[in-house]
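These notes are about the structure you will find just below.
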Amino acid sequence: MAMIDWRIEAVTFGNCNCDLNCPCQFELDPTKGHCRGMEVGIIERGHFGDVTLDGLRYVQTYAWPGPIYEGNGEMQSIVDARADPDQRAALATLLHGGETDEAKTHWWVFHAMSSRIHETLFLPIEVEIDVAARRARASIPGVFEASGKPIVSPATGEEHRVRIDIPHGIEFEIAEVGRASTRNSAAVALDLDGSYGQFNRIHHTGKGVVRTRAA
1265 MAMIDWRIEA VTFGNCNCDL NCPCQFELDP TKGHCRGMEV GIIERGHFGD VTLDGLRYVQ
1325 TYAWPGPIYE GNGEMQSIVD ARADPDQRAA LATLLHGGET DEAKTHWWVF HAMSSRIHET
1385 LFLPIEVEID VAARRARASI PGVFEASGKP IVSPATGEEH RVRIDIPHGI EFEIAEVGRA
1445 STRNSAAVAL DLDGSYGQFN RIHHTGKGVV RTRAA
């Protein structure tokens, strides 16, 4: 049976409990041995079949007792309350790795590595993301608060720019790295302070990441 045609181009901001040099990006185990994190996204252009997803926002929260690849994690999706019923169903499907070839996006992998999938929430999401400036803020009043900012050199006091380039990755091609903090009181509790922050664009289809850069 053919998969539903879909595409999402989004700007995203992420935060996990690893140090600023997140080992997971280099196929190493997480800094503290376990992983807790989140992703916030603003969909600039997107569709799921005939359903338009432009302008919608989402939050993903995750936790694993060890490295992600060992599984047994938990996750929860939070979808923009402005989404209509068709858009809600579409995003709930995609954020859980549905209608996607095996292991071709981080959403697919994170869902596959989670043994507990919490109920999707539909809430108002306020978010601003500036990838180039390495700055972001996101809020779901009473539930979720996150912010991101550049790394600052302790030697000079100047902003320190670092990027991660993963030509064959399943999430992004290139990401800006910063410092981020998150508090979340929904199903996957988060209390992150000044840890790894990630600012990037994603371009996904059911076949995986759309490549625009030379490897």
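So the number in our numbering is just where the residue sits in the sequence shown, counting from 1, plus 1264. Beta carbons are placed, not taken as given, at the ideal position from N, Cα and C, and that holds for glycine.
- Measure from the alpha carbon of Cys1280 to the alpha carbon of each residue in Ala1478, Gly1305, Gln1289, Leu1456, then state which is nearest. The sequence position of residue 1280 within the sequence shown is 16, counting from 1. Cα-wise, what sits closest to Cys1280 is Leu1456.
- Item | Identified DSSP bridge partners for Arg1447 | The residue labelled residue 1447 in the question sits at position 183 within the sequence shown. In the DSSP output, where bridge partners are listed per residue, Arg1447 has Glu1409, Asp1455.
- When we look at the beta-carbon of Leu1359 and count the other beta-carbons within 10 Å, is it buried (16 or more) or exposed? Translated into positions along the sequence shown, residue 1359 becomes position 95. Burial call: buried.
- Task: Would you identify the three-state DSSP class for Ala1347, choosing helix, strand or coil?
- Result: Taking the first residue of the sequence shown as 1, we reach residue 1347 at position 83. Three-state DSSP puts Ala1347 in coil, outside helix and strand.
- Query: When you compare only the Cα positions, how much space is there between Ala1397 and Met1265?
  - Reply: Mapped onto the sequence shown, residue 1397 falls at position 133. Mapped onto the sequence shown, residue 1265 falls at position 1. Looking at the two C-alpha atoms, the distance is approximately 43 angstroms.
- Length of the line joining the Cα atoms of Thr1446 and Gly1313: By 1-based counting over the sequence shown, the position of residue 1446 is 182. By 1-based counting over the sequence shown, the position of residue 1313 is 49. For Thr1446 and Gly1313, the distance between alpha carbons rounds to 33 angstroms.
- Query: Just to confirm, are Arg1465 and Val1395 a CB contact at a threshold of 8 angstroms?
  - Reply: As a position in the sequence shown, residue 1465 is number 201, starting the count at 1. As a position in the sequence shown, residue 1395 is number 131, starting the count at 1. Yes, Cβ-Cβ distance for Arg1465 and Val1395 is below 8 angstroms.
- Task: Count the CB pairs spanning the region 1426–1443 and the region 1331–1344 that are closer than 8 angstroms, and state whether there are at least three.
- Result: no
- Task: Alpha carbon to alpha carbon, how far is Asp1269 from Ala1400? Give it in angstroms, no decimals.
- Result: Here the question's residue 1400 lines up with position 136 in the sequence shown. Here the question's residue 1269 lines up with position 5 in the sequence shown. C-alpha separation (whole angstroms): 31 angstroms.
- Message: Among the candidates Val1373, Pro1431, Lys1413, whose CA atom is the shortest distance from the CA of Glu1423?
- Response: Numbered from 1 along the sequence shown, position 159 holds the residue referred to as residue 1423. The candidate whose alpha carbon is nearest that of Glu1423 is Lys1413.
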